[in-house]
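Structure record follows, encoded as structure tokens.
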Amino acid sequence: MIPSSNGASGGFRENAREFRDEVERGRSELRAVGARARDVTDDLRELARLEAELAKAEFDENRSALKSGAISGSIAGSFAFWILGFLGGAMTFALAEVWPAWLAALTTAGAFLVVAAIAGLVARSRFKQFSPTPRRTIASLREDIEWLRRLTTQNAASASSGR
Numbered sequence: 048m049i050p051s052s053n054g055a056s057g058g059f060r061e062n063a064r065e066f067r068d069e070v071e072r073g074r075s076e077l078r079a080v081g082a083r084a085r086d087v088t089d090d091l092r093e094l095a096r097l098e099a100e101l102a103k104a105e106f107d108e109n110r111s112a113l114k115s116g117a118i119s120g121s122i123a124g125s126f127a128f129w130i131l132g133f134l135g136g137a138m139t140f141a142l143a144e145v146w147p148a149w150l151a152a153l154t155t156a157g158a159f160l161v162v163a164a165i166a167g168l169v170a171r172s173r174f175k176q177f178s179p180t181p182r183r184t185i186a187s188l189r190e191d192i193e194w195l196r197r198l199t200t201q202n203a204a205s206a207s208s209g210r
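48 is the number of the first residue of the sequence shown in this note's numbering; add one for each residue after it.
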């Protein structure tokens with residue numbers, strides 16, 4: 048319907064107003080969706096930053112424990128090396144008083160072999176405690192992914208039920 052020249056409102060003007068109102072509602076909804084998307088993006092960015100901090104802290108903790116163990120083990124190993132040499136000589140000389148020298152040396156070597164095997168098993172169990180995998184970070188990331196899945200499922204369900 049064409050508007051009249053005397054200013055009477057016709058169907059065209061009402062339709063145009065309704066159309067403009069609908070467009071404005073659509074724009075405001077679009078702005079709201081954009082703001083929500085921006086908020087989600089900011090939250091995900093912050094979550095990723097916090098996860099990276101957790102991974103770094105966990106790695107530093109593991110590295111520190113490994114470094115401390117390596118330093119202590121090196122010091123102990125260097126002293127043990129010298130002491131074992133003297134103890135081995137003393138043990139061989141003591142056993143050589145009772146047994147032939149070859150048997151005394153062989154017995155000393157066997158005793159050192161047993162001690163070395165025990166020390167190796169202890170070292171292996173200590174190194175098994177070290178994990179290069181940041182387990183807490185991985186668990187936290189899995190929780191975050193599950194949370195995000197639930198959130199998107201809920202949002203999709205509420206969006207489809209709202210229409």
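For glycine and all other residues, C-beta sits at the position ideal for the given N, C-alpha and C.
The model shown is predicted, which means the values in this text are computed figures rather than measured ones.
> Which term fits P181, buried or exposed, when burial requires 16 or more other beta carbons within 10 angstroms of its beta carbon?
Replying inline: Reading the sequence shown from its first residue, position 134 is the one you call residue 181. By the 10 Å Cβ count, P181 comes out buried.
>> Classify T88: buried if its beta carbon has 16 or more other beta carbons within 10 angstroms, exposed otherwise.
In response: On the sequence shown, position 41 is the one that residue 88 refers to. Flag for T88 reads exposed.
> Do the CB positions of A112 and F177 come within less than 8 Å of each other?
Replying inline: Working through the sequence shown from its first residue, we reach residue 112 at position 65. Working through the sequence shown from its first residue, we reach residue 177 at position 130. Going by C-beta atoms, A112 is nearer than 8 Å to F177.
>> Pairs of beta-carbons, one from the stretch 100-109 and one from the stretch 182-195, closer than 8 Å: are there three or more?
In response: yes
>> For the stretch 125-143 against the stretch 151-164, do three or more pairs of beta-carbon atoms, one drawn from each stretch, fall closer than 8 Å, so that the two count as touching?
In response: yes
> Is S121 helix, strand or coil by DSSP?
Replying inline: The residue labelled residue 121 in the question sits at position 74 within the sequence shown. Reduced to three states, the DSSP call for S121 is helix.
> So the alpha helix (DSSP H) S178 belongs to, where does it begin and stop?
Replying inline: The sequence position of residue 178 within the sequence shown is 131, counting from 1. Looking at the DSSP string, S178 is not in any alpha helix (DSSP H), and its letter there is neither H nor E.
> By Cβ distance below 7 Å, which residues in the same chain neighbour S187 in space, the five residues on each side in sequence not counted?
Replying inline: Translated into the one-based positions of the sequence shown, residue 187 becomes position 140. Hits under 7 Å: E98, L101.
>> Can you tell me whether T200 is buried or exposed? The criterion is at least 16 other CB atoms within 10 Å of its CB, across all chains shown.
In response: For the purposes of this step, residue 200 is taken as the residue at position 153 of the sequence shown. With fewer than 16 Cβ atoms within 10 Å of its Cβ, T200 is classed as exposed.
> Which whole-angstrom value is the C-beta distance of T155 and G135, which I expect to be below 8 Å?
Replying inline: Walking along the sequence shown from the start, residue 155 turns up at place 108. Walking along the sequence shown from the start, residue 135 turns up at place 88. With 8 Å as the limit, T155 and G135 qualify as a contact, their Cβ atoms being about 5 Å apart.
>> Helix, strand or coil for V70? Go by DSSP, reduced to three states.
In response: Looking up residue 70 in the sequence shown gives position 23. Helix at V70.
> Among W194, P179, I192, E193, which has the Cα closest to the Cα of D107?
Replying inline: Within the sequence shown, residue 107 is the residue found at index 60, counting from 1. Answer by Cα proximity: P179.
>> At the level of alpha carbons, what is the spacing between G73 and F59?
In response: Along the sequence shown, read from residue 1 onward, the residue named residue 73 stands at position 26. Along the sequence shown, read from residue 1 onward, the residue named residue 59 stands at position 12. If you take the alpha carbons of G73 and F59, they lie about 21 Å apart.
> Candidates V162, G157, A170, D90: which alpha carbon is nearest L195's?
Replying inline: On the sequence shown, position 148 is the one that residue 195 refers to. It is D90.
> Are the beta-carbon atoms of R173 and G116 separated by less than 8 Å?
Replying inline: Indexing the sequence shown from 1 puts residue 173 at position 126. Indexing the sequence shown from 1 puts residue 116 at position 69. Yes, the Cβ-Cβ distance between R173 and G116 is below 8 Å.
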